[in-house]
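Read top to bottom, the protein sequences are chains A and B.
In this text, residue positions in the first sequence follow this note's numbering: the first is -6, and each later residue adds one.
In this text, residue positions in the second sequence follow this note's numbering: the first is 568, and each later residue adds one.
Beta carbons: idealized from backbone N, C-alpha and C, even for Gly.
Just so we're clear, the structure is a prediction, and the values are computed from it rather than from any experiment.
See below for the structure under consideration.
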Amino acid sequence: DVKVTQSSRYLVKRTGEKVFLECVQDMDHENMFWYRQDPGLGLRLIYFSYDVKMKEKGDIPEGYSVSREKKERFSLILESASTNQTSMYLCASSSPGTLGANVLTFGAGSRLTVL
Amino acid sequence: GIQVEQSPPDLILQEGANSTLRCNFSDSVNNLQWFHQNPWGQLINLFYIPSGTKQNGRLSATTVATERYSLLYISSSQTTDSGVYFCAVVSGSARQLTFGSGTQLTVLP
Chain A
-6 DVKVTQSSRY LVKRTGEKVF LECVQDMDHE NMFWYRQDPG LGLRLIYFSY
44 DVKMKEKGDI PEGYSVSREK KERFSLILES ASTNQTSMYL CASSSPGTLG
94 ANVLTFGAGS RLTVL
Chain B
568 GIQVEQSPPD LILQEGANST LRCNFSDSVN NLQWFHQNPW GQLINLFYIP
618 SGTKQNGRLS ATTVATERYS LLYISSSQTT DSGVYFCAVV SGSARQLTFG
668 SGTQLTVLP
C-alpha cells in the first residue's frame, strides 16, 4: 500500500516562528500536494509539485513556501507563522497511472496551532 | 475556476438506513474522485469516477458528466461510515483537484 507520512501530528508554535511540515511518500509518486483544511471550506490547495525541484502555486500560496529536493519528500514552510495559519495541513501524493487518474493518497494530517 | 457544491452539508442517519450524497459541478470534468475522511482526519479515496457507475461493497457512485453531477450511495449504513465525504474534480487543463466543502455524515447506533 502507498504510504504518505507526515512528520508531526500536532504542533503548537508561536507567532513569528518558522515552521516546517514534512511529508514523505514511499511509492515513487511523481506528484505531491499540500492542502489546508478549515471548517466549512473543504480542502484548499496551497502548493503542488510534479517533479523534483519543481513547484507550482495552488489557490492559497500566500505566506507559504515549499521545497522538493528529493522525489519522495515535499516540505511545507511557514516563514513567519501567523494565527490565521492555524489549521489542519494535509499532504497527498499521486501518479498518473494507466488511466491518468491521479488518484490521491493522503497522509494523516498535521494539526498546527499558532499562538 | 470550477465550482463544486455538495449537498446536504449535514446528514444524520440511524444505523441500517440508506443515503444519497450529491456533488454538483459548474463545468465539464475529466477527473472526479470521492473521499471519506474519518473522525481522526484520515482521508481515503473511495472512487475515481469521471463518468458512469461503480460499486464497492455497500458503496456505489454514479457520475452523469453531461448533467454535471455525481451521486454517492451508501446502503445499510454503519457507525463506521461516519465522517466527512468529499467530492473533488479536475476540469479542463487544470492538473489539480478542486474539492467541495463536504457532507458531514453521522450514523447513530
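Three-state secondary structure (DSSP) of residue i
| i | result |
| --- | --- |
| Ala632(B) | helix |
| Asn77(A) | helix |
| Asp19(A) | coil |
| Asp648(B) | helix |
| Arg104(A) | strand |
| Leu97(A) | coil |
| Thr665(B) | strand |
| Leu34(A) | coil |
| Tyr615(B) | strand |
| Tyr43(A) | coil |
| Ser86(A) | strand |
| Trp27(A) | strand |
| Glu49(A) | strand |
| Ser627(B) | strand |
| Ser660(B) | coil |
Neighbouring residues, chain B, relative to residue i (Cβ below 8 Å)
| i | result |
| --- | --- |
| Val96(A) | Gln600, Asn612, Tyr615 |
| Met81(A) | Gly608 |
| Phe67(A) | Residues of chain B passing the Cβ test: none, with the nearest at roughly 14 Å. |
| Ala74(A) | Residues of chain B passing the Cβ test: none, with the nearest at roughly 20 Å. |
| Gly56(A) | Chain B residues near Gly56(A): none, gap ~19 Å exceeds 8 Å. |
Range of the contiguous beta strand (DSSP E) that encloses residue i
| i | result |
| --- | --- |
| Gln573(B) | 571 to 574 |
| Asn597(B) | Where Asn597(B) is concerned, there is no enclosing beta strand (DSSP E), given that its DSSP letter is neither H nor E. |
| Gln134(A) | Nothing about residue 134(A) can be reported from this structure: the residues present for chain A run from -6 to 108 only. |
| Lys6(A) | 3 to 6 |
| Ser643(B) | No beta strand (DSSP E) holds Ser643(B); DSSP gives it neither H nor E. |
| Ser60(A) | 58 to 63 |
| Arg66(A) | 66 to 71 |
| Gln609(B) | Where Gln609(B) is concerned, there is no enclosing beta strand (DSSP E), given that its DSSP letter is neither H nor E. |
Residue burial classification, residue i (beta-carbon count within 10 angstroms, cutoff 16)
| i | result |
| --- | --- |
| Gln30(A) | buried |
| Phe26(A) | buried |
| Arg662(B) | exposed |
| Phe13(A) | exposed |
| Arg61(A) | buried |
| Asn24(A) | buried |
| Tyr57(A) | buried |
| Gln573(B) | buried |
| Trp607(B) | exposed |
CB contact check: residue i to chain C, cutoff 9 Å
| i | result |
| --- | --- |
| Gly583(B) | Protein chains A and B are contained in the structure displayed, whereas chain C is not. |
Which residues of the stretch 652 to 669 of chain B have a Cβ closer than 7 Å to any Cβ of chain A? Give them in chain order. Taking 7 Å as the Cβ-Cβ cut-off against chain A, the residues of the stretch 652 to 669 of chain B that qualify are Phe653, Gln663, Leu664, Phe666, Gly667, Ser668, Gly669.
What are the residues in the stretch 23 to 52 of chain A lying within 9 Å of chain B by C-beta distance? Asn24, Phe26, Tyr28, Gln30, Gly33, Leu34, Gly35, Leu36, Arg37, Leu38, Phe41, Tyr43, Glu49, Gly51, Asp52
Relative to chain B, which residues along the stretch 5 to 18 of chain A have a C-beta separation below 9 Å, given in chain order? none
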